[in-house]
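A.B. asks: Heads up, the sequence shown is in the working numbering, so the first residue is 5 and it goes up one at a time. All residues carry an ideal CB built from backbone N, CA and C; glycine is no exception. I am attaching a structure below and will ask some questions about it afterwards.
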Amino acid sequence: MSHSHSPAAVDPSLLVKVKFGGVVMVCGECQDRSNGPKFKAKTVRKELKRGLVQSPVRLRIVECGCLGLCPKKAMAVAAVASGRPMVAAVLHDEEDAPALAATVAASFRE
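So, in structure tokens, the structure goes:
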């Protein structure tokens with residue numbers, strides 16, 4: 005049986021304004037895997053928040069479910085902002101977070 009789907013009408017009353025222009029997602033499931041990293045998503049979020057203060061786009065840093073990258077002994081991170089391509093990365097160590105923050109800020113500056 006075939007179902008035809010018509011596009012849903014946009015209901016502007018469902019939309020709200022936000023104070024940020026992008027999102028950085030840190031995979032919370034990576035830390036729970038047996039072959040996951042030795043560091044926690046919360047630590048990465050804090051480091052990214054500290055490093056992204058200089059970003060030209062105000063970003064919200066959140067812990068999320070699986071991003072589908074599933075790196076061994078590492079943590080997946082993805083960032084997206086309005087009108088900019090998504091950036092995805094794999095952190096092998098929590099000390100990689102400041103470098104990633106600088107990379108994300110630079111990519112959103114272009």
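If you run the structure through DSSP and keep just helix, strand and coil, what is Ala-83?
C.D. replies: Note: Ala-83 maps to strand in three-state DSSP.
A.B. asks: Residue range of the alpha helix (DSSP H) that Glu-67 falls in?
C.D. replies: Premise fails: Glu-67 lies in the beta strand (DSSP E), 63 to 68, not in any alpha helix (DSSP H).
A.B. asks: Going by C-alpha distance, which of Cys-34, Leu-56, Gly-72 and Glu-99 is nearest Arg-113?
C.D. replies: Minimum Cα distance to Arg-113 is reached at Leu-56.
A.B. asks: Return the chain-ordered list of same chain residues with a C-beta closer than 6 Å to the C-beta of Arg-62, the five sequence neighbours on each side being excluded.
C.D. replies: Excluding positions up to five away in sequence, the list reads Phe-24 and Gly-25.
A.B. asks: Once you ignore the five residues that flank Ser-111 on each side, which residues in its own chain have a CB closer than 6 Å to its CB?
C.D. replies: Val-91.
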